[in-house]
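Reminder that position 119 of the sequence shown reads as 442 in our numbering, one-by-one numbering, no gaps.
Note that the Cβ used here is the ideal one computed from N, Cα and C, for glycine as well.
Computed from a predicted structure; not experimentally measured.
Take a look at the structure set out below.
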Amino acid sequence: MIDHVRDLASVRDATDRLLSAAGKLNNDSTAEPSRLPGWSRGHILAHIARNADALVNVLAGRPMYESAQTRDADIERDAPRPLDVQLADVRESGARFLAEGERPADWSRTVELRNGITDSASRVPFRRWVEVELHHVDLGIGYELEDLPEEFVQREIAFLTARFAGNPDVPPTLLTDGTHAWSTGREGRPEITVSGPAPELVGWLAGRRDGSALTAEGGLLPPLPPL
Numbered sequence: 324m325i326d327h328v329r330d331l332a333s334v335r336d337a338t339d340r341l342l343s344a345a346g347k348l349n350n351d352s353t354a355e356p357s358r359l360p361g362w363s364r365g366h367i368l369a370h371i372a373r374n375a376d377a378l379v380n381v382l383a384g385r386p387m388y389e390s391a392q393t394r395d396a397d398i399e400r401d402a403p404r405p406l407d408v409q410l411a412d413v414r415e416s417g418a419r420f421l422a423e424g425e426r427p428a429d430w431s432r433t434v435e436l437r438n439g440i441t442d443s444a445s446r447v448p449f450r451r452w453v454e455v456e457l458h459h460v461d462l463g464i465g466y467e468l469e470d471l472p473e474e475f476v477q478r479e480i481a482f483l484t485a486r487f488a489g490n491p492d493v494p495p496t497l498l499t500d501g502t503h504a505w506s507t508g509r510e511g512r513p514e515i516t517v518s519g520p521a522p523e524l525v526g527w528l529a530g531r532r533d534g535s536a537l538t539a540e541g542g543l544l545p546p547l548p549p550l
């Protein structure tokens with residue numbers, strides 16, 4: 324069962340870790356490339372801040388973004404800012420999200436995200452946790468997939484395998500880290516078994532690693548659609 328209160332606390336902890344690590348950067352390093360193609364570290368920090376405000380909109384019943392063009396333009400606008408401005412924005416926007424999450428509300432209600440995607444309001448804090456943790460890794464400043472909290476990794480694997488479940492472009496696939504197992508892809512008996520450490524599985528599912536450290540039995544490692 325989703326515990327949004329616990330997830331909000333996890334968002335707070337993850338944000339604190341990110342701010343502490345990013346606080347050791349300087350203005351020159353924020354302009355350097357991140358691990359995401361075409362984005363600097365400044366783009367990552369700007370996106371994290373703007374995503375917090377976007378999820379406030381979601382919880383408040385407003386459109387997540389005015390438009391895709393506005394979303395992209397806001398990130399481009401904010402990416403070149405000095406480090407202290409970036410960190411203050413991440414901190415303050417994160418606080419606004421947590422404050423919205425602490426308001427009395429019906430957490431079982433359905434909310435709308437980007438591109439017409441809907442979800443339970445109770446899952447929005449976990450979605451924010453995903454943004455903070457994975458983009459911390461994307462900064463390329465020493466925080467790796469292996470450093471992610473174990474609970475987060477297990478839940479993110481479950482979340483992403485559910486996202487690809489039923490996708491006609493993904494063969495029926497069983498994933499395992501040796502202790503836990505997840506199914507994804509088209510319906511049917513699993514054709515391929517993908518195994519490896521949980522951080523490698525989440526990296527492959529989230530498009531952060533190429534899967535070369537994983538083992539595929541019964542066929543080649545399946546290509547995954549973009550997130």
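Among the options, nearest to residue i - alpha-carbon criterion
i: Gly-384; options: Ile-398, Asp-429, Asp-412, Trp-362; result: Asp-429
i: Ala-372; options: Leu-543, Ile-515, Arg-451, Pro-513; result: Arg-451
i: Glu-415; options: Ala-369, Arg-531, Pro-513, Asn-490; result: Ala-369
i: Asn-438; options: Arg-486, Gln-477, Tyr-388, Glu-423; result: Tyr-388
i: Leu-550; options: Gln-409, Phe-487, Leu-359, Thr-441; result: Phe-487
i: Arg-404; options: Ala-344, Arg-329, Asp-351, Thr-507; result: Asp-351
i: Gly-501; options: Pro-513, Ala-411, Arg-512, Ser-518; result: Ser-518
i: Ser-333; options: Leu-483, Gly-511, Val-476; result: Val-476
i: Leu-341; options: Asp-461, Leu-537, Pro-494, Glu-474; result: Asp-461
i: Ile-367; options: Glu-399, Pro-386, Asn-349; result: Glu-399
i: Pro-360; options: Leu-537, Leu-543, Arg-531, Ala-536; result: Arg-531
Residue j beta carbon less than 8 angstroms from that of residue i
i: Ala-354; j: Ser-363; result: yes
i: Ala-481; j: Trp-505; result: yes
i: Pro-491; j: Arg-478; result: no
i: Thr-499; j: Ile-515; result: no
i: Pro-494; j: Pro-545; result: yes
i: Glu-423; j: Val-379; result: yes
Inter-residue Cα distance where the pair is residue i and residue j
i: Leu-528; j: Gly-534; result: 9 angstroms
i: Ile-464; j: Leu-457; result: 12 angstroms
i: Leu-547; j: Pro-448; result: 25 angstroms
i: Ser-431; j: Ile-325; result: 10 angstroms
i: Arg-446; j: Ala-402; result: 28 angstroms
i: Ala-345; j: Leu-410; result: 8 angstroms
i: Asp-397; j: His-503; result: 40 angstroms
i: Leu-382; j: Gly-541; result: 43 angstroms
i: Leu-483; j: Thr-507; result: 9 angstroms
i: Gly-526; j: Asp-330; result: 21 angstroms
i: Arg-426; j: Gly-365; result: 31 angstroms
The region 460–473 / the region 518–528 touching (three or more Cβ pairs under 8 angstroms): yes
Would you mind listing the beta strand (DSSP E) stretches within the region 408–488 that are 3+ residues and don't spill past its ends, in chain order? 433–435, 441–443
Pairs of beta-carbons, one from the region 419–434 and one from the region 343–361, closer than 8 angstroms: are there three or more? no
Cβ pair count under 8 angstroms reaching 3, the region 447–467 against the region 331–345: yes
May I have a chain-ordered list of the alpha helix (DSSP H) segments no shorter than 4 residues that lie completely inside the region 503–544? 521–528
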